Each structure stands twice: as C-alpha cells, then as structure tokens.
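Here's the structure we're looking at; comments come further down.
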Amino acid sequence: MDPRSEVLLRQAELFRGPLLIAGPAPDGLLGQLPEAHGWSWHAGDQALLDSRFPGRCHYGTEVPEVAFDAAVIFLPKSRELANYLLTALASRLAGKALFLVGEKRGGIEGAAKQLKALGHARKLDSARHCQLWQVSIEQAPPAPVLTDLAQRFELALEEGPLQVVSLPGVFSHGRLDRGTALLLQHLDQLPTGKVLDFGCGAGVLGAIVKRRYPQSEVTLLDVDAFAVASSRLTLAANGLQGVVLSGDGIDAAPVELDVILSNPPFHTGVHTDYRAVENLLAKSREHLRNGGEMRLVANTFLRYKPLIEAALGNCEMRVEDQGFRIYQARRQ
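Structure below.
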C-alpha cells in the first residue's frame with residue numbers, strides 16, 4: 001500500500017463518514033474506507049481503482065458531484081494544481097475538515113503552510129516519510145473557475161504565432177520546455193496521414209503539426225485529465241481540429257499510424273517512472289504502419305536508442321543539443 005494511504009489509515013477514525021479523496025493512490029485504501037469516494041485525473045489510476053471499486057472513483061478536472069463531509073488531498077507535484085485542489089474542495093467544506101497528506105520529499109511541509117489561509121491548521125501525524133495535516137475551513141473561498149487559472153502564452157513561429165493554453169498541473173505549465181522546443185525545430189518532412197502526439201501535455205506538438213500538415217489526421221493522447229483539457233483549449237484557441245484522447249499509455253492509441261511524435265514523460269509525481277515510455281517504445285511497432293515513423297526527444301542520459309532499435313530495427317540520432325537528443329526510426 002502507498003505510504004500516504006498507510007498514514008491515513010493510522011488515523012482511520014477520522015475518515016469513517018462520507019469522504020472525498022483527491023488524487024488517491026491506486027491501492028486498497030477505498031476498500032478500508034467504505035463511505036469514501038475518489039477523484040482522479042490520472043487515467044491509469046482511474047482504471048485500476050474503477051476495476052476494484054466500481055462507481056467509487058470519478059475521473060476529471062472538476063470536483064465530482066458526490067456528497068462528502070470531509071476531503072483528503074494527496075499532495076500533487078505541481079504547486080499550481082495543489083492550489084486549485086485546495087480552493088476547489090475548501091469551497092465545498094465550510095465549517096468542515098480538509099486534510100492534506102504527502103511525502104516529505106514532495107514538499108508537504110511547504111504546502112501545509114497554504115492551509116493557514118483557510119483556517120486553523122495542525123499536523124496530525126508523521127510516519128512513513130509522510131505527513132498528514134488538517135485544517136478546519138472557517139470561511140469557504142469562492143469555487144475556482146479552472147479556465148481562469150490557465151496560463152496562456154504565444155509561440156512565435158515562421159508560419160505565425162501559436163496560442164498555447166496550459167492548465168494547472170500540466171507539464172511545463174505556462175512555458176515551452178527545452179525538449180519540445182528542440183523537437184519543434186526538427187518536424188521537417190514528416191509523413192502525412194495519421195499522426196499521434198503521445199504525452200501531449202498542452203498540445204503544442206499536435207497543434208503545430210496540424211497547422212503545418214493540415215491534411216493529416218492528428219490525435220493527441222495523455223494520461224492526465226488536465227493535459228487533455230489543455231490540449232483541447234489549445235486546439236480551439238488556434239481554430240484547429242484534432243482528436244484528443246485520455247488514456248494510460250500507447251495501448252490507448254490508434255493503430256496504423258504514419259507518425260508517432262513524443263517528448264515522453266519519465267516521472268510519476270516526484271518519482272522516476274519509465275514504464276510509460278518503455279511501453280511506448282516496445283509497442284511502437286504495433287501502432288505504426290509499415291514505413292511509419294517515430295520521432296521523439298529525450299534527455300541525453302536516457303538510453304532509448306537500444307529500445308527503439310529492438311522494437312523497430314533501426315534508430316537514427318538526428319541531433320544532440322542542450323542536453324537533449326532527437327531520435328528517429330521507421331517501421332520496416
């Protein structure tokens with residue numbers, strides 16, 4: 001069981017009534033708290049929890065419409081997302097309790113300071129390298145409007161500016177990361193047809209490909225509900241059409257693709273996690289048509305070339321710059 005869940009269960013008497021758990025780990029916690037519901041924005045976690053506890057975990061970017069007398073937030077990596085969750089849940093809990101649990105390495109002590117703006121906060125427990133905090137909501141804040149919290153910025157491109165819309169919690173929130181910036185310089189001579197932007201984030205790659213190759217059918221895929229919502233906003237802001245999917249990795253992607261583009265993730269929260277990208281590389285052959293191409297950017301310390309060669313039989317390093325490499329391979 002996740003150590004954060006273990007810390008909660010040390011204080012199980014506090015969580016016996018109707019409870020909403022935001023960002024729960026995909027473990028057996030809901031089974032120990034029969035009146036609890038979960039709120040997840042990670043498609044993989046949601047699928048696991050829904051298979052074990054049908055109807056008790058709700059996926060999306062908004063507070064689910066279930067009754068609860070208290071709420072627990074599993075502290076996310078993103079401070080902006082934590083702020084949104086705190087405000088969104090506190091707005092529903094006037095005179096009631098809101099709990100925050102997280103790992104020390106994840107910044108729980110700093111995040112707990114934000115609770116003081118909501119009421120009297122106190123630390124309840126410290127164990128398993130985690131802490132559990134509680135605040136009694138003295139004055140509920142107004143419910144936040146998620147789109148009002150979006151960061152909007154413009155990319156200056158040769159074909160004209162691109163408007164990017166990034167919601168809290170999305171990778172590289174409010175800015176273009178260096179890896180994607182490098183990949184954008186090497187989108188020349190892409191095959192046209194069915195294109196996948198894997199791990200789409202705010203939708204930068206997918207939007208630019210659709211604008212440069214309007215005849216292509218572009219699909220954007222991400223595991224995170226906030227990224228999916230951001231990509232849809234980015235496409236709409238630029239008058240572009242694309243299919244945006246929520247799913248846990250390459251298994252959720254279409255097949256017979258002509259192109260897979262990616263700046264693939266290798267973190268889950270504060271932890272390193274290569275499963276999604278290793279699965280992408282291993283199964284790329286199943287999703288590309290014959291002659292289809294994969295082009296991705298990765299940090300130089302990530303040894304992806306042998307994995308790509310094992311899957312597709314070939315791999316070219318197109319460029320290395322500023323700590324990143326761009327790999328290109330074709331299904332033969």
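Residue numbering for the sequence shown follows the numbering used here, beginning at 1 and increasing consecutively.
From the three backbone atoms N, C-alpha and C, an ideal C-beta is built for every residue, glycine too.
These figures come from a predicted structure and were not determined experimentally.
With C-beta atoms as the reference, is residue i less than 8 Å away from residue j?
{"i": "valine 209", "j": "leucine 261", "result": "yes"}
{"i": "alanine 335", "j": "serine 166", "result": "This structure cannot settle anything about residue 335, because the visible part of the chain is limited to 1 through 332."}
{"i": "leucine 182", "j": "glutamine 322", "result": "yes"}
{"i": "proline 168", "j": "phenylalanine 226", "result": "yes"}
{"i": "glutamine 114", "j": "leucine 86", "result": "yes"}
{"i": "glutamine 11", "j": "aspartate 125", "result": "yes"}
{"i": "leucine 344", "j": "leucine 196", "result": "An answer regarding residue 344 cannot be provided, because it is not within the stretch 1 to 332 covered by the chain."}
{"i": "histidine 129", "j": "proline 3", "result": "yes"}
{"i": "isoleucine 137", "j": "phenylalanine 198", "result": "no"}
{"i": "aspartate 222", "j": "tryptophan 41", "result": "no"}
{"i": "valine 135", "j": "leucine 98", "result": "yes"}
{"i": "leucine 205", "j": "valine 259", "result": "no"}
{"i": "valine 218", "j": "glycine 242", "result": "yes"}
Put residue i into one of helix, strand or coil per three-state DSSP.
{"i": "threonine 268", "result": "Since pLDDT at threonine 268 reaches only 49, below the 50 mark, its modelled position is unreliable, and no value is offered."}
{"i": "alanine 71", "result": "strand"}
{"i": "asparagine 279", "result": "helix"}
{"i": "aspartate 2", "result": "coil"}
{"i": "threonine 300", "result": "coil"}
{"i": "glutamine 328", "result": "strand"}
{"i": "glycine 31", "result": "helix"}
Please go through the same chain and pick out, in chain order, the residues whose beta-carbon is closer than 7 Å to the beta-carbon of residue i, but skip the five residues on each side of it.
{"i": "alanine 207", "result": "Leu162, Thr234, Leu235, Asn238, Leu240"}
{"i": "glycine 28", "result": "Met1"}
{"i": "proline 142", "result": "Ser91"}
Got a sec? Which residues, its chain only, sit under 6 Å from residue i by beta carbon, not counting five neighbours each side?
{"i": "isoleucine 21", "result": "Ala36, Gly38, Val72"}
{"i": "lysine 179", "result": "In the sequence on display, residue 179 carries glycine and not lysine. Correct list, in chain order: Asn263, Val297, Phe324."}
{"i": "glycine 269", "result": "Residue confidence for glycine 269 is low, a pLDDT of 49 falling below 50, so the modelled location carries little weight; the figure read from the coordinates is stated next. Cβ neighbours of glycine 269 beyond the five flanking positions: Lys77."}
Under DSSP, the beta strand (DSSP E) around residue i begins and ends at which residues?
{"i": "tyrosine 59", "result": "57 to 59"}
{"i": "glutamate 138", "result": "That residue, glutamate 138, is in no beta strand (DSSP E); it is neither H nor E in DSSP."}
{"i": "serine 40", "result": "36 to 40"}
Which term fits residue i, buried or exposed, when burial requires 16 or more other beta carbons within 10 angstroms of its beta carbon?
{"i": "lysine 350", "result": "No answer is possible for residue 350: the residues shown for the chain start at 1 and end at 332."}
{"i": "isoleucine 9", "result": "In the sequence on display, residue 9 carries leucine and not isoleucine. Result: exposed."}
{"i": "proline 34", "result": "exposed"}
{"i": "leucine 157", "result": "exposed"}
{"i": "valine 255", "result": "exposed"}
{"i": "glycine 313", "result": "exposed"}
{"i": "histidine 120", "result": "exposed"}
{"i": "glycine 44", "result": "buried"}
{"i": "arginine 318", "result": "exposed"}
{"i": "glutamate 293", "result": "buried"}
{"i": "glycine 23", "result": "buried"}
{"i": "phenylalanine 68", "result": "buried"}
Would you mind reading off the limits of the alpha helix (DSSP H) that contains residue i?
{"i": "asparagine 83", "result": "79 to 90"}
{"i": "glycine 110", "result": "108 to 112"}
{"i": "proline 53", "result": "A quick correction: the sequence has phenylalanine, not proline, at residue 53. Counting along the chain, phenylalanine 53 falls outside any alpha helix (DSSP H), and DSSP gives it neither H nor E."}
{"i": "glutamate 309", "result": "305 to 312"}
{"i": "leucine 337", "result": "Residue 337 lies beyond the stretch modelled for the chain, which goes from 1 to 332, so this question has no answer here."}
Less than 8 Å between C-beta atoms, sequence neighbours within five positions excluded: which residues of the same chain meet that for residue i?
{"i": "histidine 271", "result": "With a pLDDT of 46 at histidine 271, under the threshold of 50, the modelled position of this residue cannot be trusted, and the question is left open."}
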